[in-house]
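Number 235 in the UniProt record's numbering belongs to position 235 of the sequence shown; there are no gaps in the numbering.
Ideal Cβ placement from N, Cα and C applies to all residues, glycine included.
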Amino acid sequence: MNAKKGIYNIVFGILGQALTVVFAIIVPKVIIEYYGSEVNGLLSSISQILVYLGLFEAGVGTASLQALYQPIAEGGKKDINSILSATNKYYKRTSKLYFAALVVFSVIYPFVVKNSLNTFLVMALIFFGGLGNVVNFMYQGKYKILLQAEGKSYIVTNITTIVNVLINVGKIILIIAGFQVLAVQVVFFAFNVLQMALFEIYIHKNYGWIDLSVEPNEAAISQKNSVLIHQISTLVFSNTDVLVLSVFSGLKVVSVYTVYNYIYSTVLNLFNTVNNGLVFYLGQNYHKGKEHFIHIYRVFELDITVFGYYVFTVIGVLTLPFMNLYTKNMTDYNYIDKLLPVLFLTIQLLSIARFASNNLINIAGHFKKTQSRSIAESAINLIVSFLAVYKFGIYGVLIGTIVAMVYRTNDMIIYANHRILQTSVISSYRIMIVNILTAVLCMILFYDKIHWAGSYMLLIGAGIVYGIIILGIFLAVNLICNWNLMKTNFSMVKQLIKRKIAC
Numbered sequence: 001m002n003a004k005k006g007i008y009n010i011v012f013g014i015l016g017q018a019l020t021v022v023f024a025i026i027v028p029k030v031i032i033e034y035y036g037s038e039v040n041g042l043l044s045s046i047s048q049i050l051v052y053l054g055l056f057e058a059g060v061g062t063a064s065l066q067a068l069y070q071p072i073a074e075g076g077k078k079d080i081n082s083i084l085s086a087t088n089k090y091y092k093r094t095s096k097l098y099f100a101a102l103v104v105f106s107v108i109y110p111f112v113v114k115n116s117l118n119t120f121l122v123m124a125l126i127f128f129g130g131l132g133n134v135v136n137f138m139y140q141g142k143y144k145i146l147l148q149a150e151g152k153s154y155i156v157t158n159i160t161t162i163v164n165v166l167i168n169v170g171k172i173i174l175i176i177a178g179f180q181v182l183a184v185q186v187v188f189f190a191f192n193v194l195q196m197a198l199f200e201i202y203i204h205k206n207y208g209w210i211d212l213s214v215e216p217n218e219a220a221i222s223q224k225n226s227v228l229i230h231q232i233s234t235l236v237f238s239n240t241d242v243l244v245l246s247v248f249s250g251l252k253v254v255s256v257y258t259v260y261n262y263i264y265s266t267v268l269n270l271f272n273t274v275n276n277g278l279v280f281y282l283g284q285n286y287h288k289g290k291e292h293f294i295h296i297y298r299v300f301e302l303d304i305t306v307f308g309y310y311v312f313t314v315i316g317v318l319t320l321p322f323m324n325l326y327t328k329n330m331t332d333y334n335y336i337d338k339l340l341p342v343l344f345l346t347i348q349l350l351s352i353a354r355f356a357s358n359n360l361i362n363i364a365g366h367f368k369k370t371q372s373r374s375i376a377e378s379a380i381n382l383i384v385s386f387l388a389v390y391k392f393g394i395y396g397v398l399i400g401t402i403v404a405m406v407y408r409t410n411d412m413i414i415y416a417n418h419r420i421l422q423t424s425v426i427s428s429y430r431i432m433i434v435n436i437l438t439a440v441l442c443m444i445l446f447y448d449k450i451h452w453a454g455s456y457m458l459l460i461g462a463g464i465v466y467g468i469i470i471l472g473i474f475l476a477v478n479l480i481c482n483w484n485l486m487k488t489n490f491s492m493v494k495q496l497i498k499r500k501i502a503c
């Protein structure tokens with residue numbers, strides 16, 4: 001049953017992210033061509049602000065998810081209800097705080113950022129952009145957490161995908177039809193209300209036993225404050241670049257950053273989807289024996305690293321020819337830069353390298369024990385970015401991110417192995433270093449070599465050819481260097497096929 005859920009989570013997750021990638025490519029291009037780079041930069045900045053406002057969630061979601069794994073594995077509906085009751089209580093409070101903060105930021109932000117746009121328009125864009133999150137916290141947040149803990153992330157993904165398709169199609173139609181950008185943001189809010197209704201219908205139909213009126217078990221989510229510190233650090237870290245560039249470099253530079261970042265962050269979301277689709281299995285097996293769990297963990301670590309490094313290496317090779325096609329009609333600013341894909345790729349490789357260890361820290365509930373390390377990462381990023389942006393501009397903020405990630409990725413790998421698994425770190429470093437070197441080799445061989453792809457069809461063809469070649473290189477290297485874990489993968493696939501045949 002867990003294998004089936006995992007497959008559903010991955011398949012529907014990849015489908016959802018594929019559609020997200022398509023729209024992440026199309027929508028910014030349409031916005032830039034119809035509204036200009038400044039509006040695109042503004043909308044990107046607003047998105048970052050709304051992410052910061054999400055801090056009012058106060059770590060409840062992650063703490064609740066970690067608390068739900070054990071009662072779900074044991075089938076304890078009473079314990080599940082008490083945890084959901086506590087989660088619901090905090091989410092309702094969160095929605096009120098978020099709304100108040102949204103109003104404040106809507107008023108203040110237009111006077112902070114350099115722009116030539118109407119002040120009241122900027123206020124309205126921020127307000128309607130964030131209003132959907134008020135609905136999310138008030139009604140559907142607790143249900144998403146339950147579905148994820150049960151291994152049903154595919155339900156969350158499917159509902160979110162349907163709504164996102166409607167939102168993006170609506171945006172494109174309105175923009176091309178000549179509507180103002182505010183109308184686009186209002187449509188975004190309207191479809192968020194639809195998403196709430198879909199979650200309510202599904203939960204009412206399939207979870208009639210849920211009772212949010214029971215005594216809330218607030219002790220079960222007592223680590224929410226430590227989780228909040230992690231979330232603050234993560235959000236500061238993740239959104240430093242756009243905010244620093246907004247203040248010191250202007251919205252057109254932000255637009256350049258976000259166009260490149262759309263490519264890499266959207267693909268990273270694909271891995272978050274795959275990760276979220278499988279992490280429930282790690283969470284539910286964490287208490288079932290150390291040796292068994294370590295074996296599962298190592299296989300997961302290898303698979304997510306190889307898959308992630310392979311895909312991002314292909315993306316790195318294809319970025320420049322894609323940008324040449326994508327920005328052909330964007331004449332108000334130069335979007336072509338050969339160094340940016342290399343810097344963005346480096347960031348994503350470091351992100352993938354710590355997926356497994358980050359999961360383990362969360363599953364083990366080591367939020368408080370690692371919060372100072374998370375703060376240190378954000379501090380490094382802020383300090384280096386502020387110092388480097390004056391001299392190096394957009395490169396400076398990316399360098400700040402890389403320096404901070406080198407520290408924290410190594411720290412997380414060492415902590416997960418030594419403090420939680422109590423094993424050697426050699427296996428984790430072998431997986432990471434082998435695949436980093438493989439990615440570097442592929443970039444040396446293939447980067448900036450596709451000068452003949454003058455159309456999207458030719459670029460897709462190039463992607464297929466280079467994708468097959470790079471896949472062969474990654475598989476060959478890992479079969480040689482990580483044979484035992486690769487052999488386990490083959491055994492798992494054989495068992496899955498046998499089960500399907502038996503059914």
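Q. Nearest CA to the CA of residue 508: which residue from ILE10, SER233, ILE83?
A. Residue 508 falls outside the range modelled here, since the chain spans only 1 to 503, and no answer is possible.
**Q.** C-alpha distance - PRO28 paired with SER44, whole-angstrom precision
**A.** One-based indexing of the sequence shown puts residue 28 at position 28. One-based indexing of the sequence shown puts residue 44 at position 44. Rounded to the nearest angstrom, the two C-alpha atoms are 9 Å apart.
**Q.** Residue range of the unbroken alpha helix (DSSP H) whose run includes GLU150
**A.** By 1-based counting over the sequence shown, the position of residue 150 is 150. From DSSP, GLU150 is part of no alpha helix (DSSP H); its letter is neither H nor E.
Q | Among PHE189, PHE191, ILE203, the one whose alpha carbon lies nearest that of GLY141 | A | Start at 1 with the first residue of the sequence shown, and residue 141 comes out as number 141. GLY141 has its Cα closest to that of ILE203, out of PHE189, PHE191, ILE203.
Q.
Using a Cβ-Cβ cutoff of less than 7 Å, which residues in the same chain neighbour GLN17 once the five nearest sequence positions on both sides are dropped?
A. Along the sequence shown, one-based indexing puts residue 17 at 17. ASN269, LEU270, THR273.
(Q) For THR401 and ASN381, what's the separation of their Cα atoms in angstroms? (A) For the purposes of this step, residue 401 is taken as residue 401 along the sequence shown, with counting starting at 1. For the purposes of this step, residue 381 is taken as residue 381 along the sequence shown, with counting starting at 1. THR401 and ASN381: Cα-Cα distance of roughly 5 Å.
Q: Could you tell me the boundaries of the alpha helix (DSSP H) in which ASN362 lies?
A: Translated into positions along the sequence shown, residue 362 becomes position 362. Start and end: 355–364.
Q: Could you check what DSSP says for ASN192 in three-state terms: helix, strand or coil?
A: What you label residue 192 is simply residue 192 of the sequence shown in a count that begins at 1. Three-state DSSP puts ASN192 in a helix.
Q.
Within a Cβ cutoff of 6 Å, which residues of the same chain sit near ASN81, ignoring the five residues on either side of it in sequence?
A. As a position in the sequence shown, residue 81 is number 81, starting the count at 1. Only ASP211, VAL214 meet the Cβ criterion.
Q.
Is it buried or exposed, TYR139, if we count other Cβ atoms within 10 angstroms and call 16 or more buried?
A. The count along the sequence shown starts at 1 and reaches residue 139 at position 139. Buried is the call here.
**Q.** Exposure of PHE111, with buried meaning 16 or more beta-carbon neighbours within 10 Å
**A.** Position 111 of the sequence shown holds residue 111. Exposed: under 16 other Cβ atoms inside 10 Å.
Q: Please go through the same chain and pick out, in chain order, the residues whose beta-carbon is closer than 8 Å to the beta-carbon of PRO321, but skip the five residues on each side of it.
A: Locating residue 321 in the sequence shown gives position 321, counting from the first residue. The answer, listed in chain order, is ILE450, HIS451, ALA453, LEU459, ALA462.
Q: Counting only runs of 4+ residues fully inside the region 14–62, write out the alpha helix (DSSP H) ranges in chain order.
A: Segments of the alpha helix (DSSP H) lying fully in the region 14–62: 37–53.
Q.
What does the Cβ neighbour count give for VAL465, buried or exposed, with the cut at 16 atoms within 10 Å?
A. Here residue 465 is taken as the residue at index 465 of the sequence shown, counted from 1. Exposed, by the Cβ-count rule.
Q: Inspect the CB distances between the region 292–300 and the region 62–81 and report whether three or more fall short of 8 Å.
A: A contact between stretches requires three or more CB pairs, one per stretch, nearer than 8 Å, and the region 292–300 fails this requirement with the region 62–81.
(Q) Residues in the same chain with beta-carbon distance under 7 Å from VAL22, minus the five sequence neighbours each way, listed in chain order, please. (A) As a first step, residue 22 is located in the sequence shown; it is residue number 22 there, counting from the start. Taken in chain order, the list of residues that qualify is empty.
Q: Assign THR327 to one of three DSSP states: helix, strand, or coil.
A: In the sequence shown, the residue the question calls residue 327 occupies position 327. Reduced to three states, the DSSP call for THR327 is coil.
Q) So PHE189 and LEU131 are in contact, right, with Cβ under 8 Å, and what is the actual spacing, rounded? A) In the sequence shown, counting from the first residue as 1, residue 189 sits at position 189. In the sequence shown, counting from the first residue as 1, residue 131 sits at position 131. The Cβ separation is near 5 Å, so the contact holds.
Q | Terminal residues of the alpha helix (DSSP H) in which SER427 lies | A | Numbered from its first residue, the sequence shown carries residue 427 at position 427. Taken as a continuous stretch (DSSP letters only), the alpha helix (DSSP H) holding SER427 covers 426–446.
Q) What residue does the alpha helix (DSSP H) around THR94 start on, and which one ends it? A) In the sequence shown, residue 94 corresponds to position 94, counting from 1. Per DSSP, THR94 belongs to the alpha helix (DSSP H) from 77–108.
**Q.** 8 Å Cβ cutoff met for PHE128 and GLN185
**A.** Position 128 of the sequence shown, counted from the first residue, corresponds to residue 128. Position 185 of the sequence shown, counted from the first residue, corresponds to residue 185. Cβ distance < 8 Å, so PHE128 and GLN185 count as in contact.
**Q.** Chain-order list of residues whose beta-carbon lies under 6 Å from that of ILE470 (same chain, five-residue window excluded)
**A.** As a first step, residue 470 is located in the sequence shown; it is residue number 470 there, counting from the start. Within the same chain, ILE470 has close Cβ partners THR313, VAL314, CYS442.
Q | Pair within 8 Å by beta-carbon distance, VAL389 and VAL193 | A | Position 389 of the sequence shown, counted from the first residue, corresponds to residue 389. Position 193 of the sequence shown, counted from the first residue, corresponds to residue 193. Result no, Cβ atoms of VAL389 and VAL193 do not sit closer than 8 Å.
**Q.** Assigned exposure category for GLU377 - 16 Cβ within 10 Å defines buried
**A.** Here the question's residue 377 lines up with position 377 in the sequence shown. It counts as buried.
Q | Touching by the beta-carbon criterion (3+ pairs, under 8 Å), the region 423–430 and the region 365–376 | A | no
(Q) Assess contact between the region 148–156 and the region 275–283, defined as three or more Cβ pairs (one per stretch) separated by less than 8 Å. Is contact present? (A) Yes, the region 148–156 is in contact with the region 275–283.
Q. How long is the line joining the alpha carbons of LEU387 and ILE347, rounded to whole angstroms?
A. Residue mapping note: residue 387 aligns to position 387 of the sequence shown, counting from 1. Residue mapping note: residue 347 aligns to position 347 of the sequence shown, counting from 1. In a straight line, the C-alpha of LEU387 is about 19 Å away from that of ILE347.
**Q.** DSSP state of VAL274 mapped onto helix, strand, coil
**A.** Within the sequence shown, numbered from 1, the residue matching residue 274 stands at position 274. In the displayed model, VAL274 falls within a helix according to three-state DSSP.
Q. Is it the case that the Cβ atoms of ILE26 and ILE172 are separated by a distance below 8 Å?
A. Working through the sequence shown from its first residue, we reach residue 26 at position 26. Working through the sequence shown from its first residue, we reach residue 172 at position 172. Their beta carbons are under 8 Å apart, which means ILE26 touches ILE172 by this criterion.
Q | Through-space distance from PHE367 to ALA219, alpha-carbon basis | A | Translated into the one-based positions of the sequence shown, residue 219 becomes position 219. Translated into the one-based positions of the sequence shown, residue 367 becomes position 367. Each residue's Cα considered, the two are about 15 Å apart.
Q) So PHE474 and TYR310 are in contact, right, with Cβ under 8 Å, and what is the actual spacing, rounded? A) The sequence position of residue 474 within the sequence shown is 474, counting from 1. The sequence position of residue 310 within the sequence shown is 310, counting from 1. At roughly 5 Å, the Cβ-Cβ gap stays under 8 Å, so PHE474 and TYR310 are in contact.
**Q.** Sub-8 Å separation of MET196 and VAL156 beta-carbons
**A.** As a position in the sequence shown, residue 196 is number 196, starting the count at 1. As a position in the sequence shown, residue 156 is number 156, starting the count at 1. Not a contact, by the Cβ cut-off of 8 Å.
(Q) I need the straight-line Cα distance from VAL103 to PHE191, nearest angstrom please. (A) Translated into the one-based positions of the sequence shown, residue 103 becomes position 103. Translated into the one-based positions of the sequence shown, residue 191 becomes position 191. So the alpha carbons of these two residues sit roughly 21 Å apart.
**Q.** Through-space distance from SER153 to ASN206, alpha-carbon basis
**A.** Taking the sequence shown and counting its residues from 1, the one referred to as residue 206 is at position 206. Taking the sequence shown and counting its residues from 1, the one referred to as residue 153 is at position 153. Their Cα atoms are separated by approximately 15 Å.
Q: Buried or exposed for ILE10, please, with buried defined as at least 16 other CB atoms from any protein chain shown within 10 angstroms of its CB.
A: One-based indexing of the sequence shown puts residue 10 at position 10. So ILE10 ends up on the buried side.
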